[in-house]
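**Q**
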Amino acid sequence: MDLKIKAWRQKNANSKGGFENYDVQNITEDSSFLEMLDVLNEQLLGEGTEPIAFDHDCREGICGMCSLFVNGRAHGPDTEITTCQLHMRKFKDGDTITIEPWRSGGFPIIKDLMVDRTAYDKILQAGGYVSINTGGVPDGNAIPIAKIDSDEAMDAASCVGCGACVATCKNSSAMLFVSSKVSQLALLPQGKIEGKRRAQAMVAKMDELGFGNCTNTGACEIECPKGISIAHIARLNREFLFATCKD
Amino acid sequence: MGGFISSSIGKKFFMSITGLFLVMFLLVHLTANLALLLGPDTFNIVSHFMGTNPIIQIMQPALAIGFILHIIYATVLTLQNQKARGTEGYSKVVNSHQSSFASKNMYILGGLVLSFLVLHIINFFWKIKVTGDPLLADVMIHGEEMENAYALVAGLFIDPNLGFIYSAVYAIAAIALGLHLTHGFWSAFQTIGFSNDVWRKRLTVVGYLFAMLVGGGFAIIPIFLMLFGAK
């Protein structure tokens, strides 16, 4: 298939960017979106043009590194996938594909389609690790955990920190990310003890870094590649309110 | 506590609590207003009760504070959210489903309701409480003298010149309020933490029913009076 690519080009964080148009030919519909970009970049190198910078790493849909706002949607026109799992069969021959970087005050552009997601690391650091002494490895089933709790904790833990929630949210709110990271520990006995303190610390850091306020539009959970529910946001709100009451 | 008030969740908590308080007020207000459909005597008795009952009098300033806080917090949060989005926007956004029109336009819908509220206060509250109006001349109902609030309210919608316009404005405002509630109702519960995957569905359904009840209820009254005239 032959495609027209309209991609955001920006030299560095401080320069002004703009869209550039490119043509790519002979793309098989079985190739992934990132492979299509690889083909385009090879072509640009051949022409002596600087290739388009974009984030990617595992290309297996588990690392959360690839980003891209494709045709008006985070991770492109498909559900519960990262961009590396988006395939060209989702497009038609002759399509014009618009590719933009994540746009948020919290994720400044580094170059072209790459954004700086250090803010997420800072929020995680503010939450910290489980720092209470939990002793040695307990006997199997000595601490019963309800199936429903372990499932929910695991769902929350499947967050890969890609930033699609922030990129999609009209308020650029990081609540889905923060609530996942709070939930994954707050539901389990080891993490529960520090759950409230962790919620307070992570919310304070999230606010400080300039992410917006959640207005419960639910756009984030639709674009989340792991399908994480905004029920976790309600849990975070609960943890935060109880933590405040305790203080 | 200081950290709570300045935090994002704290500010939204106040949005929710004031919002739920206003929801309670809407129920009381709608119940009283539906008496308009039952004729002058019923409405005048209800109106007299609302004007003299001590609990309602105490709640009036509380209600005003509720409105003001809701509006102030909405403005602060909206401005912060616009700033958080960054300077450059997307050239193209596909609203891929599900996130509702109301949820994305709460501030605009709220603004519509607020501008209506100003007109509404000028039309009725101000005349009843402050300036008075010849239409309000006392009437005798069951041996008790009271203001003829029915004449003032119904008079607005059956006015031969402006009645149609006022009825339309009131009905549109009721719809805007209903839309505001379709998102506001369940969202308030979500923000105070009272939601999960099961309760979210329940609250959304209740929220839509409540929005239809309130929006429809308020919209019916001016249309009814305009079509069937005052009794």
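As they're listed, the protein sequences go chains A and B.
FYI, in our numbering the residues of the first sequence are 18 to 264.
FYI, in our numbering the residues of the second sequence are 85 to 315.
From the three backbone atoms N, C-alpha and C, an ideal C-beta is built for every residue, glycine too.
(1) I want to know whether the segment 262-278 of chain B touches the segment 91-104 of chain B - three or more CB-CB distances under 8 Å.
(2) Compute the Euclidean distance between the alpha carbons of K211/B and L240/B, then round it to the nearest angstrom.
(3) Could you please give the first and the last residue of the uninterrupted beta strand (DSSP E) stretch that includes I239/A?
(4) Give a yes or no on whether the minimum CB-CB distance between N31/A and chain B is below 7 Å.
(5) Could you tell me whether the segment 217-224 of chain B touches the segment 288-308 of chain B, using the rule of 3 or more Cβ pairs below 8 Å?
(6) With burial defined as no fewer than 16 other Cβ atoms inside 10 Å of the residue's Cβ, what is the status of S199/B: buried or exposed?
(7) Residues of the segment 273-287 of chain B in Cβ contact with chain A at a cutoff of 9 Å, in chain order, please.
(8) Quick one: which chain B residues come within Cβ less than 7 Å of F257/A?
(9) Give me the Cβ distance between K21/A and T113/A, rounded to the nearest whole Å; I'm assuming they're in contact under 8 Å.
(10) Could you name the residues of chain A that M190/B contacts, counting a contact when the two beta carbons are closer than 7 Å?
(11) Is E117/A close to chain B? Criterion is C-beta to C-beta, closer than 7 Å.
(12) For A136/A, count the other beta carbons within 10 Å of its own beta carbon; 16 or more makes it buried, fewer makes it exposed. Which is it?
(13) Listing by chain order, which chain B residues have their CB less than 8 Å from the CB of S189/A?
(14) What first and last residue would you give for the alpha helix (DSSP H) that runs through K107/A?
(15) Indicate whether the contact test is met: 3 or more Cβ pairs, each with one atom in the segment 231-239 of chain A and one in the segment 165-182 of chain B, closer than 8 Å.
(16) Consider the Cβ of S100/B: report whether some Cβ of chain A lies at a distance smaller than 7 Å.
(17) Please check if any C-beta of chain B sits within less than 7 Å of the C-beta of V220/A.
(18) Which residues, in order along the segment 77-101 of chain A, keep a beta-carbon less than 7 Å from a beta-carbon of chain B?
(19) Counting only Cβ pairs nearer than 8 Å, list the residues of chain A close to Y174/B.
(20) How about Q141/B: is its C-beta nearer than 7 Å to some C-beta of chain A?
(21) I want to verify the contact list: residues of chain A whose CB lies under 7 Å from the CB of V289/B, in sequence order.
(22) Just the chain B side, please: which residues come within less than 8 Å of I162/A by C-beta, in chain order?
(23) For the putative contact between G182/A and C241/A, defined by C-beta atoms under 8 Å, what is the C-beta separation to the nearest angstrom?
(24) Under 7 Å Cβ-Cβ, which residues of chain A neighbour F88/B?
(25) So, are the CB atoms of N189/B and N188/A less than 7 Å apart?
(26) Cutting at 6 Å between CB atoms, please list the residues of its own chain near G81/A, excluding the five before and the five after it.
(27) Going by C-alpha distance, which of A251/A, A159/A, S197/A and R26/A is nearest A70/A?
(28) Could you tell me the distance, in whole angstroms, from the CA atom of F302/B to the CA atom of I155/B?
(29) List the residues of chain A that L161/B touches, going by C-beta distances under 9 Å, in chain order.
(30) Distance, Cα to Cα, V298/B vs F124/A?
(31) Whose CA, out of S84/A, L62/A, D129/A and K23/A, lies closest to the CA of K33/A?
(32) Could you tell me which whole alpha helix (DSSP H) segments of length 4 or greater appear in the segment 29-82 of chain A?
(33) Strictly under 7 Å for the Cβ-Cβ distance: is V197/B near chain A by that measure?
(34) D47/A touches chain B at which residues, Cβ-Cβ below 7 Å?
(35) Can you tell me where the beta strand (DSSP E) with I127/A in it begins and where it stops?
(36) Mapping the DSSP letters down to three states, classify F86/A as helix, strand or coil.
**A** Reading off the structure:
(1) Result yes; three or more Cβ-Cβ pairs closer than 8 Å.
(2) Each residue's alpha carbon lies about 12 Å from the other.
(3) Boundaries for I239/A: no beta strand (DSSP E) harbours it, while the alpha helix (DSSP H) harbouring it runs A236 to E240, taken from the DSSP string.
(4) Taking Cβ atoms only, chain B never reaches closer than 7 Å to N31/A, which makes this a no.
(5) The segment 217-224 of chain B vs the segment 288-308 of chain B: no contact.
(6) With fewer than 16 other Cβ atoms within 10 Å, it is exposed.
(7) Listed by position, the residues of the segment 273-287 of chain B near chain A (Cβ gap below 9 Å) are F273, Q274, T275, I276, G277, F278, S279, N280, D281, V282, W283 and R284.
(8) Here the neighbours are I93.
(9) Taking the Cβ atoms as the reference, K21/A lies roughly 4 Å from T113/A, within the contact range of under 8 Å.
(10) The CB of M190/B comes closer than 7 Å to the CB of T232 in chain A, given here in chain order.
(11) Yes - at least one Cβ of chain B is within 7 Å of the one on E117/A.
(12) Buried, because 16 or more other Cβ atoms sit within 10 Å of the Cβ of A136/A.
(13) Ordered by position in chain B, the residues that pass the 8 Å Cβ test against S189/A are N165, A168, R169 and G170.
(14) First-last for K107/A: undefined, no H or E at that position.
(15) Three or more beta-carbon pairs drawn from the segment 231-239 of chain A and the segment 165-182 of chain B are found closer than 8 Å, and the two stretches are therefore classed as touching.
(16) Chain A, which has no Cβ nearer than 7 Å to the Cβ of S100/B, makes this no.
(17) For V220/A, the answer is yes, since a Cβ of chain B falls inside 7 Å of its Cβ.
(18) If the cut-off is 7 Å between Cβ atoms, the segment 77-101 of chain A has F86, N88, G89 and R90 near chain B.
(19) At a C-beta separation below 8 Å, Y174/B has these neighbours in chain A: F86, G89, E117 and R120.
(20) Nearest CB-CB separation between Q141/B and chain A: not below the 7 Å threshold.
(21) Correct list: empty, because the minimum Cβ distance to chain A is about 15 Å.
(22) One finds nothing in chain B with a Cβ atom closer than 8 Å to the Cβ of I162/A; even the nearest lies about 18 Å away.
(23) For the sequence presented, residue 182/A should be read as Cys rather than Gly. The Cβ separation is near 6 Å, so the contact holds.
(24) Within 7 Å Cβ-Cβ: T261.
(25) The Cβ-Cβ distance between N189/B and N188/A does not fall below 7 Å.
(26) Closer than 6 Å at Cβ, skipping near neighbours: V177, G178 and C179.
(27) Closest by alpha carbon: R26/A.
(28) So the alpha carbons of these two residues sit roughly 21 Å apart.
(29) Within chain A, the residues near L161/B are N188, G229, N230 and T232.
(30) Approximately 41 Å between the Cα atoms of the pair.
(31) Closest option to K33/A, judged by alpha-carbon separation, among S84/A, L62/A, D129/A and K23/A: D129/A.
(32) Runs of alpha helix (DSSP H) with 4 or more residues, each lying fully within the segment 29-82 of chain A, are found at 50-63, listed in chain order.
(33) Not an interface residue.
(34) Contact of D47/A with chain B by beta-carbon distance below 7 Å is absent, the smallest such distance being about 24 Å.
(35) Counting along the chain, the beta strand (DSSP E) containing I127/A begins and ends at I126 to K128.
(36) Residue state for F86/A is assigned as strand, using DSSP reduced to three classes.
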